[in-house]
Structures are given as structure tokens and as C-alpha cells.
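All remarks here apply to the structure that follows.
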Amino acid sequence: MTTGSATFHEPGQWVSVWRLLRLRLTIQLNGFLRAKTRVKIGYSLATLGLLLFLGFILFLSVSLLSLLRSPDLSRYVGDTAPFLDGIPTTLISVAALGILFTSFSVLLQALYLAGDMDFLMSTPLPIRSVFIAKLVQAILPNFGLMCLFTLPILFGLGISGHYNFLYYPVVVVVLVLISLAAAALASLMVMVAARFFPARRLAEVLGFIVGTLFFLFSQSARFINFNVNEQQLSGVLKMSGRFNQPWSPLAWTGQGVIALGKSDWGHAAGLLTASLLVTGLVFSVSLWMSERLYYTGWSNLQNNRRRPKAKAPVRAEEAGQPEKAQGLFARMVPPQIRAVLVKDLLVYRRDLRNISRLITPLILGVIYAINLLSSGGRGFEGRGEAPAWLMNSMRSMLTFGDVALALFLGWMLVANLAGVGFSQEGRNYWMLKAAPISTRQLLTAKFLVGYLPPLLLCAVYLLVLQVLKRATVFSALVSLLAVGMALAGLTGIYLAFGTRGAKFDWENPSQSNRAVGCLGSIAGTLYLAICFGLFAVPSIVVGLLGLPMEAGQLAGLLLGSIFSVGAILIPLGLVEKRVVTLNEG
Amino acid sequence: MLNSSALIETTDLVKSFGDKLAVDNVSFQVNGGEIFGFLGPNGAGKTTTIKMIVGLLRPTSGVVKVGGYDVVAQPLQAKAACGYVPDEPNLYAKLTGRELLRFVGDLYGLDRPQMTHRSEELLRLFGLIEAADDTTDSYSHGMKQKTSLAAALVHDPRVLVLDEPTVGLDPKSARLIKDILRQMADRGAAVMLSTHILEIAQNMCDRIGIINKGRLIAAGSMDELRQLGQGESSLEDIFLSLTGGAEDAEIAEVLK
Numbered sequence: 086m087t088t089g090s091a092t093f094h095e096p097g098q099w100v101s102v103w104r105l106l107r108l109r110l111t112i113q114l115n116g117f118l119r120a121k122t123r124v125k126i127g128y129s130l131a132t133l134g135l136l137l138f139l140g141f142i143l144f145l146s147v148s149l150l151s152l153l154r155s156p157d158l159s160r161y162v163g164d165t166a167p168f169l170d171g172i173p174t175t176l177i178s179v180a181a182l183g184i185l186f187t188s189f190s191v192l193l194q195a196l197y198l199a200g201d202m203d204f205l206m207s208t209p210l211p212i213r214s215v216f217i218a219k220l221v222q223a224i225l226p227n228f229g230l231m232c233l234f235t236l237p238i239l240f241g242l243g244i245s246g247h248y249n250f251l252y253y254p255v256v257v258v259v260l261v262l263i264s265l266a267a268a269a270l271a272s273l274m275v276m277v278a279a280r281f282f283p284a285r286r287l288a289e290v291l292g293f294i295v296g297t298l299f300f301l302f303s304q305s306a307r308f309i310n311f312n313v314n315e316q317q318l319s320g321v322l323k324m325s326g327r328f329n330q331p332w333s334p335l336a337w338t339g340q341g342v343i344a345l346g347k348s349d350w351g352h353a354a355g356l357l358t359a360s361l362l363v364t365g366l367v368f369s370v371s372l373w374m375s376e377r378l379y380y381t382g383w384s385n386l387q388n389n390r391r392r393p394k395a396k397a398p399v400r401a402e403e404a405g406q407p408e409k410a411q412g413l414f415a416r417m418v419p420p421q422i423r424a425v426l427v428k429d430l431l432v433y434r435r436d437l438r439n440i441s442r443l444i445t446p447l448i449l450g451v452i453y454a455i456n457l458l459s460s461g462g463r464g465f466e467g468r469g470e471a472p473a474w475l476m477n478s479m480r481s482m483l484t485f486g487d488v489a490l491a492l493f494l495g496w497m498l499v500a501n502l503a504g505v506g507f508s509q510e511g512r513n514y515w516m517l518k519a520a521p522i523s524t525r526q527l528l529t530a531k532f533l534v535g536y537l538p539p540l541l542l543c544a545v546y547l548l549v550l551q552v553l554k555r556a557t558v559f560s561a562l563v564s565l566l567a568v569g570m571a572l573a574g575l576t577g578i579y580l581a582f583g584t585r586g587a588k589f590d591w592e593n594p595s596q597s598n599r600a601v602g603c604l605g606s607i608a609g610t611l612y613l614a615i616c617f618g619l620f621a622v623p624s625i626v627v628g629l630l631g632l633p634m635e636a637g638q639l640a641g642l643l644l645g646s647i648f649s650v651g652a653i654l655i656p657l658g659l660v661e662k663r664v665v666t667l668n669e670g
Numbered sequence: 681m682l683n684s685s686a687l688i689e690t691t692d693l694v695k696s697f698g699d700k701l702a703v704d705n706v707s708f709q710v711n712g713g714e715i716f717g718f719l720g721p722n723g724a725g726k727t728t729t730i731k732m733i734v735g736l737l738r739p740t741s742g743v744v745k746v747g748g749y750d751v752v753a754q755p756l757q758a759k760a761a762c763g764y765v766p767d768e769p770n771l772y773a774k775l776t777g778r779e780l781l782r783f784v785g786d787l788y789g790l791d792r793p794q795m796t797h798r799s800e801e802l803l804r805l806f807g808l809i810e811a812a813d814d815t816t817d818s819y820s821h822g823m824k825q826k827t828s829l830a831a832a833l834v835h836d837p838r839v840l841v842l843d844e845p846t847v848g849l850d851p852k853s854a855r856l857i858k859d860i861l862r863q864m865a866d867r868g869a870a871v872m873l874s875t876h877i878l879e880i881a882q883n884m885c886d887r888i889g890i891i892n893k894g895r896l897i898a899a900g901s902m903d904e905l906r907q908l909g910q911g912e913s914s915l916e917d918i919f920l921s922l923t924g925g926a927e928d929a930e931i932a933e934v935l936k
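Now the structure itself:
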């Protein structure tokens, strides 16, 4: 059989871009058409909801902007025209900056981590069309999100100001072009960043920073004062003027569309032409440079290789001397358990996704601690007019209020560590499975991995709270033991449920988090509530009977500890046999 | 030192996944001092058999013994005697090569000086010493494969089981691995390897087993296989005639 070599016609650049985008469109369409009916209905309802939302924002914008244009309002807050004319500049500037920063991580993913670049570059398509298609794909989701808020406001501005009809399509065109230029600039930044740092690591760090900042901002709302006075409002309105700088091409665009809306043709033509020329130049130069840097391999040639480390002095035990220098830990813990413990803690420390999961509870813990201590650190002791038994009971409650807070923190930490104990091994589990480590040793190691870091963090957290509250040593000790025991039981429950639902064939690490399941989460929460009750109730009862508070705390500690030990041994005993057959399909 | 006793022994080994019979009554032995090649078409049951030998899969029925220990009844002793190199070198991405070898050494209960000495020796032997302090997610496929082999050798096993060990390796590394396997066999270890590269099997292996559709259809030395192969002389022809792959060769000829 002979292979006929048909004449190859080189496709045009934009035809190639369309082919690549059509491929993406086909994939999306296939996803929709082959989805289950309820998913299709969900998508349709979401689209309808989105359109309604757009209409609502448009209505709101028209109403608000009409109000801002009213002469009655101007009498109170001054001339609003500069603010209104500055809206397009502000929105376009925010959109350009937003696309620039959000495209960075998306482009990093699309160019380095998606894994299809080699295939696309090897096809007979112009390289530029591959890059343009990647840029369009990268900005589409964020551009859509941006349009959801900016277009109704800009259109509302046009409707309320009775602008020229050309204003509307031009606004859309400039938003598209500026977004493309910002994305091209972002791709150049990606090339430079990938030159110095491995793409995967860069994505991890970015994910960690963005996730943490987002969480911090969302929680910081608790401390924001929403009582804005007249001066502050006026200041906010003036702030938009900061984007309106004469040297900024983004301001030229904003002023250009306003001039167009007001049919000031001369100004509109000059400003828009100038801004579009700069936009086109930024887009072309950034794209050309990105292509070059990628194709020549400059951006792949990382120059961040570690310098050779100075050879560490050979340690005594490594030099063949007796192992007396080894720590107590090494001698007490069997090597197999130690190996898994050290390995897991190293992996956790180095994977920023894990650190992110640990930092979120810590941020919450600190915020709640501030809330608790903001009353002066000594809680609600009153003026001492209440009966003694009530005061004693309240003091007991306060002691265990700290415990509750520490347990809340520990609960989130344990869920993230113990619950994924086995699943986080992923495809590497074969190493443990093929090694001579017994089921009990493996469960013990995973238990320690899930237990020790939360215990340490919660102990420090609790001690800080106790010191700030100036609690007694006895109270601090009881609280510490209570938290230690409660967390041990919780670790046992989460580890058992995590073992039962362990998944090893995940591609995305977030899939490993589902091992505990709904039932496990309910069991863990229920256990914690009962355990807390067992620790706290005897103290309250003792307070009611007028007996020494310490007796109640000790009784609670004993009851809670017995329950916790049961929660460690029973669930883990039940899943012991399951460990033997883990990952056997 | 040659050891002629069976270090890998499977008897009537069966593995089924639901209705699907993946391994069907497979029985063979690999003696100390011997390299045993395990061949078969894709999906024939090679990896399933290997996984049962190294304790990753529990057999549905039958017996597997490694180093004289029943893998199901005495799993820890059997695993301690065995080193395993999987077909996909999945390693802990956030551990460095050196840390990984120490981790494996700890799992096999080696003492610190022995482990340090052994891991440094293996890192040097496989040319990984420069990258020993880099995390394995920065390694190439070949480097991961070599790290995986180094991890299997850390505890100096009496039995070594390798699933496609030369895939993705450069010729120098592939040669190094062949030399190591031969040295291990010469020192009395039992080496079992599965491969699709028939030349490797023909040149390296003392005995070869061919599995097809879950059944061991032939096992023996090259001379013994030639007698089964209806006069075919090369391992490729014997393999194709035994596994029914000759038709595929004809199709390939048509496409030329």
C-alpha cells in the first residue's frame, strides 16, 4: 500500500485560530450534550439566572446613574459629572489590571501544565495562531465574569446619559481588545517567570497566595466598619479620578468612549485611535516576544538550579559508631513507623496545597480568639452579684469555652490530615504496600501523622489563650489534656473513615479530600459534641452542687478520656482488615 | 554464590476481577541465581501476576511464595526478601532522591549507617548523586526509573521483581541495569522481569515464561522454547507463534 502525499495548503493565521477555538467549542458542546438530563437542566437554569442577573444589574445601573445625574442630588454632593465621566476609565482600568493578573495563572496552566502545547506546536499551524487561541481560551472565563459587572454599568451609563448608539458596540470592542492586550502582556510575564521557577511550583505558590489572600479578605470583613460618613463617601467618589491620568492609554480609551457617546467626534476619533494604537502595539510586541521566548526555549531553560550544597559533616552514627547519639524518638519508635511519619510530614511541609489547608483553620482560630479576647481576656465574670454556684459554673464554662475553640481549630486540622491519611498516598501507595510494614504499624504511623501536628498547634493556641486569660496552671493543664484526648479520638474516627473510603487513583489532589465522606464528617462532629459534653458537664454539675470546681474538671477529664480512647480503638479496629486489601481494585 | 532453591514459587495462581479471569492457574518457579523473563501480549496478565508476587494484590486462589515465605500468610517476611520495580515509576514527588532512599531503607528496617552507605552507593552508581537533593518531581522519566530501581535495591533483596524495567531509559542506563541484574543473579538472587523487548529477554534471561490470556502457555530455557515453537528459532517468532500474533505481523506487512 502506498501513501499518497496530497499537496498541503498552509492555513491562514485566523483560520487556524478559528480551528483551535472550534475544537474547544466542540469539547464544551460535547460535554453539555452528553451530560445527564439534570445537569443540562441545571446549565439551562443557570444561564437563565445569569441573564436575569444581567438585566437586574442593568436596571440597577440605569436607576442609580439616573439618580446621580439628577440636579437635586448635585445640590447636596456637588457636581457629579466628573465622577460619571470617569466611570468608563475606572472600569476599563480595573478590567485591564484584573485580566492581567488573573490571566497569569490561567496562561501558566494553558502554556506549561495543560500538556497540549507540544502537540499543537508540532501540527502544521502557525505558532502565532496557537498562542492567540491560547490567549483567547485563557481570558474567556475571566472576561465573561468581568463583562457581567462592567457591561451593565457601562450600558447603564449610556442609557442614563442618552449617549450616541455607536457608544455601545465600541465599548464592547475596546473591552475585548484591551483584555487581549492585557493577556498578551500576562503571557510575557509567564515566560519570564517560567524562566526562573518551575511552572508547577509557580502554580502551587500562586494558588497558595491567592487562596490565602482571598480567605483573609473574606474574613477581614468582620473588622470593617460599614458606617461611612459623608466625607468618606465623597473621598470614595473622588478616588475614581485617580485612574483618569492624562498619560494613561486606558484613560484615553475611557475619555474616548465618553466623547463618542456625547457625539464629540473629533475628540473621540483622536483619543480612541491613540488608545487602540497603543493597545495594538502592546498586544503585538508582547505576543511576538512570548512566541520567541517559548519557541527558542529561553523560557524553558530554567537557571534556578540549586547550587551544590556543601557536604554535611558525616554524623557519628553514619560513620559506623554506636547509635547512642540517636535521639530518644528514633529509639522508641520502630523504623517503619518513623519512616512513614517523617515522609508524610516532609511531603506535607513541601506541598503548598497542604499548607494552605492548614493555614485556613489557623486564620479562623486567630480571628475567633480575637473575638473571644476582645472583651478583656477574662470573659463574662460579671460584677460578682450572682450566686456563688452560678459564678463557679460560668467559670467552668469559660475554661471549656477555650477548649471548644481549640477543638474547633483541631477539628479542621484533623479532618485535613487524618481523613486523607491513606488517600494522599495516591499512586505512590505501592511503595508502602510492597514494603514489610504491618497493618498496625501503618495505622499507627498514619494516626501519628494526623494527630501530632494538630495536637501541637492546638496546644500552643490553647496555652496562648490561657496565658492571655491569666488562667490557673491547673485549669491550663486540664484544658490541655482535654483537647489532647478529644483530638486523639477524633483522629481515630477520621482515620478510620478515611481508610474505608480511601482513593488512590486521583489526578487532582482535591479528589483525595473526599475519602472521609458525609457519614465520617457527621460521626466526627457528633463525637466531638458528645466528648465536649462529657468534659464540660461534670464541672457545671459540681458548680451547682457547690463542690470544688477542680473535682468537676477532673471527673470530666476522666469521662471524656474514656470516651476518647474508645473512639480511637473501636473504629481503627474495625478497619484494620480493610487496610490489608487497600488499592486492590 | 549460587542458590539453586526456588525463591519465587507460584502454584495454581488464580486472580479474577468479578467475572473476568485475569490470571488462570499459573504455576512456575524462579530459582536463586536465575533471571526469569516474563513475556506476554498486552493484557495477558503479566502485571497482575507480578503484583500478586510482590504482595500488591491478594490472589483469588493458589499460593505464592517469595524467599520461601507465603505472601498471604507471612506477608512481612516475604516482602522483606523482595525488591520491586513497577512499570510506572510513581515516586513521592516532594521527597528528594536521597530522602526517598532513606525512607525505603527505614521501611525495610536498615540501620542508619548501613542505610546511608547503601543509598549513597546506589545514588552514585545510577548517576543520581548530582540530583540527590532535588525533589523527584523535577526528575525526568529515566531518572525516576533509576531512582525506583535504586529504591528496590537499597535493602539488597534476595528476590528482585521488575515490571518493564528498561522503558524510558537511555542505552547507557539500560546497559547498567542489565549488568546489575546479571550481577545480582550471579550472587544468588532470583530476578524476575517482564518486558516487551524480546531481545533483552533472549540475551539476558536464563529461562522465559510466556503468558497469554491469563494462562502460562510456555516456560523454559530458549532451547526448550524452540522445541515448543514448531521450528522457529528466534524468540520473536516463537512468541508470535505461541501467542497467535502472526496474523498481526501479516497486517503490518500489508501496511508497508
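From first to last, the protein sequence lines stand for chains L and V.
The first sequence begins at 86 in our numbering and counts up one residue at a time.
The second sequence begins at 681 in our numbering and counts up one residue at a time.
Heads up, the beta-carbon is just placed ideally off N, CA and C, and yes, glycines get one too.
Beta-carbon separation (whole angstroms), residue i vs residue j, contact threshold 8 Å
i: V:L687; j: V:S707; result: With 8 Å as the limit, V:L687 and V:S707 do not qualify as a contact, their Cβ atoms being about 15 Å apart.
i: L:Y546; j: L:L572; result: Actually they do not touch by this definition, with Cβ atoms about 12 Å apart.
i: L:Y197; j: L:A279; result: 6 Å
i: L:G341; j: L:S360; result: 6 Å
i: L:P521; j: V:Y788; result: 6 Å
i: L:V660; j: L:G641; result: Going by Cβ atoms, the distance from L:V660 to L:G641 rounds to 29 Å, so no, they are not a contact pair.
i: V:P721; j: V:N892; result: 6 Å
Residue environment, residue i, which counts as buried when at least 16 other CB atoms sit within 10 Å
i: L:L657; result: buried
i: L:P398; result: Residue confidence is low: L:P398 scores 48 on pLDDT, short of 50, so the model does not pin down where it sits. Its coordinate-derived value is still stated next. Exposed, because fewer than 16 other Cβ atoms sit within 10 Å of the Cβ of L:P398.
i: L:M516; result: buried
i: L:R442; result: buried
i: V:K745; result: buried
i: L:Q638; result: buried
i: V:N883; result: exposed
i: V:R778; result: buried
i: L:K121; result: exposed
i: L:T175; result: buried
i: V:M681; result: Its pLDDT being 43, under 50, V:M681 is placed unreliably by the model, and the measurement read from it follows with that caveat. Counting Cβ neighbours within 10 Å, V:M681 comes out exposed, since fewer than 16 surround it.
i: L:A404; result: Interpretation of L:A404 is limited by its pLDDT of 43, a score under 50 that renders its predicted location unreliable; the figure taken from the coordinates is listed afterwards. Classification for L:A404: exposed.
Within chain V, the residues that residue i reaches when beta carbons sit closer than 7 Å
i: L:S523; result: L756
i: L:A424; result: F783, D786 and L787
i: L:T666; result: R738
i: L:D590; result: Near L:D590 there are no residues of chain V at all, since even the closest Cβ is about 11 Å away, more than 7 Å.
i: L:L432; result: It is Val, not Leu, that sits at residue 432 of chain L in the sequence shown. Ordered by position in chain V, the residues that pass the 7 Å Cβ test against L:V432 are Y772, K774 and L775.
i: L:P420; result: D786 and G789
Test item: CB-CB of residue i and residue j under 8 Å
i: V:G735; j: L:K518; result: yes
i: L:I440; j: L:F300; result: no
i: V:M872; j: V:V834; result: no
i: V:D817; j: V:A773; result: yes
i: V:T827; j: V:L808; result: yes
i: L:V418; j: L:V488; result: no
i: V:T728; j: V:L719; result: no
Chain L residues whose Cβ lies nearer than 7 Å to that of residue i
i: V:P766; result: W515
i: V:D817; result: R285
i: V:E844; result: Per Cβ cutoff of 7 Å: no residues; V:E844 is ~14 Å from chain L at best.
i: V:A760; result: P521
i: V:V734; result: A519
Listed by chain order, chain L residues near residue i by CB distance under 9 Å
i: V:G742; result: Within chain L, no residue comes near V:G742; the closest Cβ sits about 16 Å away, beyond 9 Å.
i: V:N770; result: G511, R512, N513, Y514, W515 and M516
i: V:E779; result: V427, K428 and L431
Within chain L, the residues that residue i reaches when beta carbons sit closer than 8 Å
i: V:F718; result: In chain order: nothing, as chain L lies at least about 17 Å away.
Within chain V, partners of residue i - CB distance below 8 Å
i: L:E669; result: L736, L737 and R738
Chain V residues whose Cβ lies nearer than 9 Å to that of residue i
i: L:R585; result: Residues of chain V passing the Cβ test: none, with the nearest at roughly 18 Å.
Inside the stretch 783–856 of chain V only - beta strand (DSSP E) runs reaching at least 3 residues: As far as the stretch 783–856 of chain V is concerned, its whole beta strand (DSSP E) runs of at least 3 residues are 839–843.
Where in the stretch 278–310 of chain L do unbroken runs of the alpha helix (DSSP H), each at least 4 residues long, occur, reported from the N-terminal end onward? Fully enclosed alpha helix (DSSP H) runs of 4 or longer: 284–305.
Would you mind listing the beta strand (DSSP E) stretches within the stretch 860–896 of chain V that are 3+ residues and don't spill past its ends, in chain order? Listed in chain order, they are 870–874 and 887–892.
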